[in-house]
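Novice:
Residue numbers (full-length UniProt numbering): 1 to 396.
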């Protein structure tokens, strides 16, 4: 047919609920006339016209004699792919960021009252070269100035104050683990750290150094992509009739207990530019933590933990967690990470094989935790079995 009826939106009808008498009466009045028109058609145009009349007649007859089905509107078209969803989230994030921009940025004050314009003037005095501070030519031994030196009156940058209020969840104030050292940086320290974080993030993303199964703290990744990947693995294994064991592992104080040597080792493994590497080595050295006590101020060296409250926390954790994702895992073991939550998906054909493969996966993961001096939290670790087994297998 060269064309269709004027009504291009067709309805669905309930075939069990129809008044055949009305349907036949409507058709009977016009069917003979339409049949003669079709038989007498001398060209395709006349045939199309007669056919459209027949189609319109049948649509009207169905509308008056059938009950109409309730149809759910399809809100997402079939051409909408995951990549488009990622781009949509990026555009929304950029729009929100643009709405937050202050028109007169030079008048934005930091907590100490100094202007951002003054901070830029200080940076110009510190860095005599017009190049960006992270672009020092380390091959000619041009090291970035030490922002923490006493001569620059910025020695407090490396001292973290312990928060006096317990963490979330109403933690016991009598436990030392309920408190976190919060790093309070001045404006210059924030500018430096922000630049370092942006350069490191750009390097890791542009060189695809981060594993695609890390869904936390990354553009285009979210809890939605993590859940979609997890569900797709489970559904695929269940369609093949396999037993599936999902183990969700939480790290005890992941950001607080992350060793500085593990961060530096991961930086070396990522082959990031040497200027960024040296900056982070200096950033993590000689850090101290202080706490007010009834006996006075207590101060101690800090050799572990990402600086709490700083913008570099997420990328440093992703860098270390990238190591466990890049390890060689069996084909029937899937691992993915969202921030500091790790999920293992083990699939097997038999109960015995499931237990064995799960034990091996736990051993491999525990070995990585031991190497990096991280502890698995029993309270944050859970599992779920997708199987028709009458009894859950014992896994230690």
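Heads up, the beta-carbon is just placed ideally off N, CA and C, and yes, glycines get one too.
Return the bridge partner residues of residue 397 from the DSSP annotation.
Specialist: With the chain covering only 1 through 396, there is no way to say anything about residue 397.
Novice: Touch check for the segment 186-196 and the segment 271-289: three-plus C-beta pairs under 8 Å?
Specialist: Contact holds: three or more Cβ-Cβ distances are below 8 Å.
Novice: Let me know the secondary structure DSSP gives residue 328 once reduced to three states.
Specialist: Within the chain shown, residue 328 is the residue found at index 328, counting from 1. Looking at residue 328 - three-state DSSP - the assignment turns out to be coil, as it is neither helix nor strand.
Novice: Is residue 24 buried or exposed, if buried means 16 or more other CB atoms sit within 10 Å of its CB?
Specialist: Your numbering for residue 24 matches position 24 in the chain shown. That one is exposed.
Novice: Would you please state the rounded distance, in angstroms, between the beta carbons of residue 69 and residue 13? I believe it to be under 8 Å.
Specialist: Numbered from 1 along the chain shown, position 69 holds the residue referred to as residue 69. Numbered from 1 along the chain shown, position 13 holds the residue referred to as residue 13. That pair is a contact at about 6 Å.
Novice: Could you compute how far the alpha carbon of residue 333 sits from the alpha carbon of residue 238?
Specialist: Numbered from its first residue, the chain shown carries residue 333 at position 333. Numbered from its first residue, the chain shown carries residue 238 at position 238. Distance between the alpha carbons of residue 333 and residue 238: 14 Å.
Novice: Determine the burial state of residue 16: buried for a count of at least 16 other Cβ atoms within 10 Å of its Cβ, exposed for fewer.
Specialist: Reading the chain shown from its first residue, position 16 is the one you call residue 16. Result: exposed.
Novice: Considering residue 347, what are the terminal residues of the beta strand (DSSP E) in which it resides?
Specialist: On the chain shown, residue 347 is found 347 positions in, with the first residue counted as 1. Element bounds for residue 347: 341-348.
Novice: Taking a contact to mean a Cβ-Cβ separation below 8 Å, would you say residue 345 touches residue 244 in this structure?
Specialist: Counting from 1 along the chain shown, the entry for residue 345 is found at position 345. Counting from 1 along the chain shown, the entry for residue 244 is found at position 244. Yes, they are a contact pair.
Novice: Can you check the segment 27-97 for any beta strand (DSSP E) of at least 3 residues that lies completely inside it and give the ranges in chain order?
Specialist: Here the runs fully enclosed are 66-68.
Novice: Distance, Cα to Cα, residue 257 vs residue 273?
Specialist: Here residue 257 is taken as the residue at index 257 of the chain shown, counted from 1. Here residue 273 is taken as the residue at index 273 of the chain shown, counted from 1. Cα to Cα, the separation comes out at about 26 Å.
Novice: Under 8 Å between the Cβ atoms of residue 363 and residue 369?
Specialist: On the chain shown, position 363 is the one that residue 363 refers to. On the chain shown, position 369 is the one that residue 369 refers to. Contact flag unset, no.
Novice: If we ignore side chains and look at the alpha-carbon of each, how far apart do residue 299 and residue 293 end up?
Specialist: Within the chain shown, residue 299 is the residue found at index 299, counting from 1. Within the chain shown, residue 293 is the residue found at index 293, counting from 1. So the two alpha carbons sit approximately 10 Å from each other.
Novice: Can you name, in chain order, every residue of its own chain whose Cβ lies under 8 Å from the Cβ of residue 252, other than the five neighbours on each side?
Specialist: Here the question's residue 252 lines up with position 252 in the chain shown. Cβ within range, chain order: 374, 375, 376, 377 and 380.
Novice: So if DSSP puts residue 364 in a beta bridge, which residue, or which two residues, is it bridged to?
Specialist: Stepping through the chain shown from its first residue, residue 364 is reached at position 364. Partner(s): none; residue 364 has no beta bridge.
Novice: Which residue or residues does DSSP assign as beta-bridge partners of residue 191?
Specialist: As a position in the chain shown, residue 191 is number 191, starting the count at 1. Note: residue 191 sits in no beta bridge, so no partner.
Novice: Please work out which residues of its chain come closer than 7 Å, Cβ to Cβ, to residue 320, disregarding the five sequence neighbours upstream and downstream, and give them in chain order.
Specialist: Locating residue 320 in the chain shown gives position 320, where the first residue counts as 1. The answer, listed in chain order, is 258, 262, 263, 266 and 372.
Novice: Taking C-alpha atoms, which residue in 386, 19, 83 and 18 lies nearest to residue 224?
Specialist: Reading the chain shown from its first residue, position 224 is the one you call residue 224. Among 386, 19, 83 and 18, the Cα nearest to that of residue 224 belongs to 83.
Novice: Quick check: what's the CA-CA separation for residue 201 versus residue 351?
Specialist: To locate residue 201, count along the chain shown from 1; it is residue 201. To locate residue 351, count along the chain shown from 1; it is residue 351. Going from the Cα of residue 201 to the Cα of residue 351 covers about 43 Å.
Novice: Quick one: complete beta strand (DSSP E) runs, 3+ long, within the segment 241-270?
Specialist: Listed in chain order, they are 243-251.
Novice: Using the C-alpha atoms, what's the distance from residue 212 back to residue 338?
Specialist: As a position in the chain shown, residue 338 is number 338, starting the count at 1. As a position in the chain shown, residue 212 is number 212, starting the count at 1. Roughly 11 Å separates the two Cα atoms.
Novice: Please confirm whether residue 255 and residue 315 have their CB atoms less than 8 Å apart.
Specialist: Walking along the chain shown from the start, residue 255 turns up at place 255. Walking along the chain shown from the start, residue 315 turns up at place 315. Their beta carbons are not under 8 Å apart, which means residue 255 does not touch residue 315 by this criterion.
Novice: Given a cut-off of 8 Å on the beta-carbon distance, is the pair residue 260 and residue 303 in contact?
Specialist: Locating residue 260 in the chain shown gives position 260, where the first residue counts as 1. Locating residue 303 in the chain shown gives position 303, where the first residue counts as 1. Against a cut-off of 8 Å, the Cβ pair of residue 303 and residue 260 comes out as a contact.
Novice: Quick check on DSSP: helix, strand or coil for residue 13?
Specialist: If you number the chain shown from 1, residue 13 lands on position 13. Three-state DSSP puts residue 13 in a strand.
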